[in-house]
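First comes the structure, then the notes that go with it.
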Amino acid sequence: MSTAPGFAQPWDAVVIGGGVMGCSTALHLAQGGMRVALVDRGQLCREASGVNAGTLTLHMTRAALVPYAMRAWQMWMDAQRWLGMGVLATHVPGLTLAFTEAECELIELRAKARREYGAPIEVISPQRAREIEPGLHPSLLKAGFCEIDGFASAYLTGRAFRHALTQAGVSLFENAPVEAIQSGDGGHEIRLASSTGLDPLHARRVVLAGGVWIEDMLAMLGVRIPIKVLINQLVITERIRPVMRTVLSVANGLLSLKQFANGTVLIGGGWQGDGDRERGGVEARPQNLVGNMRLAAYAVPALAEARVARIWLGLEAETADAMPIIGDVPGVAQAWVVGSAHSGYTSGPFMGRILAQHILGQVPDLPLFDPTRLLGMPMPGA
Numbered sequence: 021m022s023t024a025p026g027f028a029q030p031w032d033a034v035v036i037g038g039g040v041m042g043c044s045t046a047l048h049l050a051q052g053g054m055r056v057a058l059v060d061r062g063q064l065c066r067e068a069s070g071v072n073a074g075t076l077t078l079h080m081t082r083a084a085l086v087p088y089a090m091r092a093w094q095m096w097m098d099a100q101r102w103l104g105m106g107v108l109a110t111h112v113p114g115l116t117l118a119f120t121e122a123e124c125e126l127i128e129l130r131a132k133a134r135r136e137y138g139a140p141i142e143v144i145s146p147q148r149a150r151e152i153e154p155g156l157h158p159s160l161l162k163a164g165f166c167e168i169d170g171f172a173s174a175y176l177t178g179r180a181f182r183h184a185l186t187q188a189g190v191s192l193f194e195n196a197p198v199e200a201i202q203s204g205d206g207g208h209e210i211r212l213a214s215s216t217g218l219d220p221l222h223a224r225r226v227v228l229a230g231g232v233w234i235e236d237m238l239a240m241l242g243v244r245i246p247i248k249v250l251i252n253q254l255v256i257t258e259r260i261r262p263v264m265r266t267v268l269s270v271a272n273g274l275l276s277l278k279q280f281a282n283g284t285v286l287i288g289g290g291w292q293g294d295g296d297r298e299r300g301g302v303e304a305r306p307q308n309l310v311g312n313m314r315l316a317a318y319a320v321p322a323l324a325e326a327r328v329a330r331i332w333l334g335l336e337a338e339t340a341d342a343m344p345i346i347g348d349v350p351g352v353a354q355a356w357v358v359g360s361a362h363s364g365y366t367s368g369p370f371m372g373r374i375l376a377q378h379i380l381g382q383v384p385d386l387p388l389f390d391p392t393r394l395l396g397m398p399m400p401g402a
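Each residue of the sequence shown is one higher than the one before, starting from 21 at the first, in the working numbering.
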């Protein structure tokens with residue numbers, strides 16, 4: 021835990037949740053002139069934001085979120101400038117592959133939908149795709165191509181944000197779980213776990229940025245909005261020779277591939293493991309690992325020679341309509357919420373920035389996503 025004791029309370033704003041969106045919100049509020057504290061139950065960006073695949077892709081971003089992802093993509097590429105420290109952001113092209121007629125239809129439909137929101141995605145022939153990525157399986161029928169793609173090293177995210185937040189004067193309260201939030205006309209009292217030995221934090225404004233734990237945070241303010249939790253399995257291989265130079269996905273959504281400069285290959289695609297909000301990721305599902313790795317080796321046959329080095333589980337949050345929740349907390353004055361977006365790592369820094377703009381009384385660069393729409397909405401299948 022680190023603090024900056026020179027700030028008098030109440031804080032202008034306390035941000036609860038130290039992932040990408042919470043860190044970005046806190047940073048931009050501080051740069052806007054506010055005295056800000058950032059609170060997390062662990063360390064910065066060590067939950068979902070530090071254990072995801074680090075993909076910065078438009079292919080797997082929902083069409084309506086493409087404008088947000090494109091602006092955030094540029095922020096990641098410019099991380100050295102605005103964070104003062106890089107995250108190994110790497111710009112490479114992206115390909116979405118189709119091996120069946122049904123997948124060909126999906127590629128056409130999705131490319132068209134994303135182009136309508138500004139994504140420079142085109143559908144190309146298998147011959148052109150193999151010119152870009154020679155190691156693809158010969159049964160490829162069609163591919164979607166996007167020049168704006170790439171990846172970052174998610175595990176470096178917390179280090180970079182810590183540097184920027186410290187430089188901006190944000191006070192960091194790490195390893196400090198929040199037990200309760202009491203709100204009233206005078207602002208908010210944030211009570212931390214007794215084990216921290218810290219007094220409650222008093223704030224004029226509070227921002228909830230807890231990712232998969234947003235549902236529990238909102239409940240502290242008496243607001244009921246369901247958030248679904250996904251437990252995504254990820255695989256990293258041992259180092260192998262260069263076998264791919266793009267970010268790859270398959271139209272069915274069950275594969276995401278990239279090879280890092282050190283030769284390791286990250287295999288993802290949303291195959292689910294066991295776990296929940298309370299326990300986090302608990303255990304991988306062997307049958308899903310096998311399915312994911314077989315699909316990877318089919319798409320890029322050279323991956324059959326790769327050996328698994330590590331398997332882990334990442335967390336992803338989803339609202340009932342699969343769109344983000346960014347805006348004013350319904351019925352609670354001076355309280356805001358941000359999070360629960362598909363491809364949340366990709367879009368996270370920009371989403372934090374536009375919420376900060378809103379809180380600072382500025383016009384956000386793009387519209388927010390009103391949480392009120394989700395009140396009383398059940399999760400699909402509930």
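Glycine included, each C-beta is placed from N, C-alpha and C at the ideal position.
Please identify the residue among Val-358, Leu-395, Leu-47 whose C-alpha is closest to the C-alpha of Trp-102. Here residue 102 corresponds to residue number 82 of the sequence shown, with the count starting at 1. If we check each option's Cα against that of Trp-102, Leu-47 comes out closest.
Can you give the beta carbon distance from Glu-194 to Gln-382, rounded, assuming they're within the 8 Å contact cut? Counting from one through the sequence shown, the residue named residue 194 turns up at place 174. Counting from one through the sequence shown, the residue named residue 382 turns up at place 362. 29 Å between Cβ atoms; not a contact.
What residue range does the beta strand (DSSP E) around Gly-288 cover? Translated into positions along the sequence shown, residue 288 becomes position 268. Looking at the DSSP string, the run of the beta strand (DSSP E) that includes Gly-288 is 285-288.
Three-state secondary structure (DSSP) of Asn-3: The first residue shown for the chain is 21 and the last is 402, placing residue 3 beyond what the model contains.
Do the segment 65-84 and the segment 258-265 meet, that is, are 3 or more Cβ pairs less than 8 Å apart? no
Completely contained alpha helix (DSSP H) runs for the segment 103-161, where each covers 4 or more residues: If we require 4 residues or more, the alpha helix (DSSP H) runs fully inside the segment 103-161 come out as 121-135, 146-152.
Measuring straight from C-alpha to C-alpha, what distance separates Thr-23 and Thr-116? The residue given as residue 23 occupies position 3 in the sequence shown. The residue given as residue 116 occupies position 96 in the sequence shown. The predicted position of Thr-23 is uncertain, since its pLDDT is 39 and thus under 50; no value can be drawn from it.
Segment limits, alpha helix (DSSP H) that includes Asp-205: Numbered from 1 along the sequence shown, position 185 holds the residue referred to as residue 205. From DSSP, Asp-205 is part of no alpha helix (DSSP H); its letter is neither H nor E.
Express the C-alpha separation of Gly-300 and Lys-162 in angstroms, rounding to a whole number. Here residue 162 is taken as the residue at index 142 of the sequence shown, counted from 1. Here residue 300 is taken as the residue at index 280 of the sequence shown, counted from 1. Taken atom to atom, the span from the alpha-carbon of Lys-162 to that of Gly-300 is near 38 Å.
Tell me which same chain residues have a C-beta within less than 6 Å of the C-beta of Ala-188, skipping the five on either side of it? On the sequence shown, position 168 is the one that residue 188 refers to. The answer, listed in chain order, is Leu-47, Ala-50, Gln-51.
Buried or exposed: Thr-392, going by 16 or more other Cβ atoms within 10 Å of its Cβ? The residue given as residue 392 occupies position 372 in the sequence shown. Thr-392 comes out exposed.
Kindly give me the distance between the Cβ atoms of Ala-172 and Val-86, rounded to whole angstroms, as I take these residues to be in contact under 8 Å. Indexing the sequence shown from 1 puts residue 172 at position 152. Indexing the sequence shown from 1 puts residue 86 at position 66. Actually they do not touch by this definition, with Cβ atoms about 18 Å apart.
Give a yes or no on whether the C-beta atoms belonging to Tyr-318 and His-79 are separated by under 9 Å. The residue labelled residue 318 in the question sits at position 298 within the sequence shown. The residue labelled residue 79 in the question sits at position 59 within the sequence shown. Against a cut-off of 9 Å, the Cβ pair of His-79 and Tyr-318 comes out as no contact.
Which of helix, strand or coil does DSSP assign to Asp-236? Here the question's residue 236 lines up with position 216 in the sequence shown. Helix, per DSSP.
Measuring CA to CA, which of Arg-182, Cys-124, Gly-273, Ala-329 is closest to Thr-408? Only positions 21 to 402 of the chain appear in this structure, which leaves residue 408 out of reach.
Excluding sequence positions up to five away, which residues of its chain have a Cβ less than 7 Å from the Cβ of His-111? For this step, residue 111 is matched to residue 91 along the sequence shown. Excluding positions up to five away in sequence, the list reads Met-97, Gly-170.
By the 10 Å Cβ neighbour count, where 16 or more other Cβ atoms means buried, how is Ser-44 classified, buried or exposed? By 1-based counting over the sequence shown, the position of residue 44 is 24. By the neighbour-count rule (16 or more Cβ atoms within 10 Å), Ser-44 is buried.
For Arg-393, which of helix, strand or coil comes out of DSSP? Position 373 of the sequence shown holds residue 393. If DSSP states are grouped into helix, strand and coil, Arg-393 belongs with the helices.
Does the segment 31-43 come close enough to the segment 365-383 that 3 or more CB-CB pairs lie under 8 Å? yes
What's the call for Ser-159, buried or exposed, on a 16-neighbour Cβ count within 10 Å? As a working note, residue 159 is residue 139 in the sequence shown. Ser-159 comes out exposed.
With a cut-off of 8 Å, do at least 3 Cβ pairs link the segment 197-206 to the segment 120-134? Between the segment 197-206 and the segment 120-134, the count of C-beta pairs closer than 8 Å stays below three; the two stretches do not touch.
According to DSSP, residues forming a beta bridge with Trp-31: As a working mapping, residue 31 is identified with position 11 in the sequence shown. BP columns for Trp-31 point to Ala-223.
Could you check where the beta strand (DSSP E) with Ala-355 kicks off and where it finishes? Sequence index remark: in the sequence shown, residue 355 carries index 335 (1-based). Taken as a continuous stretch (DSSP letters only), the beta strand (DSSP E) holding Ala-355 covers 355-359.
Using alpha carbons as the reference points, say which of Gly-334, Gly-359, Gly-351 lies closest to Met-343. As a first step, residue 343 must be located in the sequence shown, where it is residue number 323. Cα-wise, what sits closest to Met-343 is Gly-359.
State the Cα-Cα distance for the pair Val-267 and Ile-287, rounded to the nearest angstrom. Stepping through the sequence shown from its first residue, residue 267 is reached at position 247. Stepping through the sequence shown from its first residue, residue 287 is reached at position 267. Cα-Cα distance, rounded: 11 Å.
Cutting at 7 Å between CB atoms, please list the residues of its own chain near Thr-339, excluding the five before and the five after it. Walking along the sequence shown from the start, residue 339 turns up at place 319. Contacts found: Ile-247, Ile-345, Ser-360, Leu-394.
Output needed for Pro-321: all residues of its chain with C-beta closer than 8 Å, excluding positions within five of it in sequence on either side, in chain order. Along the sequence shown, one-based indexing puts residue 321 at 301. Residues Gly-155, His-157 of the same chain have their beta carbon placed closer than 8 Å to that of Pro-321, with the five preceding and five following residues left out of the count.
Suppose you measure from the CA of Ala-355 to the CA of Ala-184; what does that come to, to the nearest Å? What you label residue 355 is simply residue 335 of the sequence shown in a count that begins at 1. What you label residue 184 is simply residue 164 of the sequence shown in a count that begins at 1. Whole-angstrom Cα-Cα distance: 24 Å.
By DSSP's criteria, Phe-171 is part of a beta bridge. Which residues make up the other side? Taking the sequence shown and counting its residues from 1, one reaches residue 171 at position 151. Paired residue(s): Thr-75, Thr-110.
If we require 3 or more residues per run, which beta strand (DSSP E) segments fall completely within the segment 256-342? The qualifying runs are 267-270, 276-279, 285-288, 294-296, 300-303, 328-338.
Where does Arg-61 land, buried or exposed, given buried means 16+ other C-beta within 10 angstroms? Translated into positions along the sequence shown, residue 61 becomes position 41. The residue in question, Arg-61, is buried, as its Cβ has 16 or more Cβ neighbours within 10 Å.
Compare the Cα-Cα distances from Arg-55 to each of Arg-224, Cys-166, Tyr-88 and report the closest residue. In the sequence shown, the residue the question calls residue 55 occupies position 35. For the residues Arg-224, Cys-166, Tyr-88, the minimum Cα distance to Arg-55 belongs to Arg-224.
Compute the Euclidean distance between the alpha carbons of Gly-204 and Arg-327, then round it to the nearest angstrom. Sequence index remark: in the sequence shown, residue 204 carries index 184 (1-based). Sequence index remark: in the sequence shown, residue 327 carries index 307 (1-based). Between the alpha carbons of Gly-204 and Arg-327 lies a gap of roughly 56 Å.
DSSP state of Val-101, grouped into three classes? Here the question's residue 101 lines up with position 81 in the sequence shown. It should be noted that the sequence gives Arg, not Val, for residue 101. In the structure shown, Arg-101 sits in a helix (DSSP, three-state: H, G or I).
Does the beta-carbon of Gln-253 have 16 or more other beta-carbons within 10 angstroms, so that it is buried, or is it exposed? Indexing the sequence shown from 1 puts residue 253 at position 233. Buried, because 16 or more other Cβ atoms sit within 10 Å of the Cβ of Gln-253.
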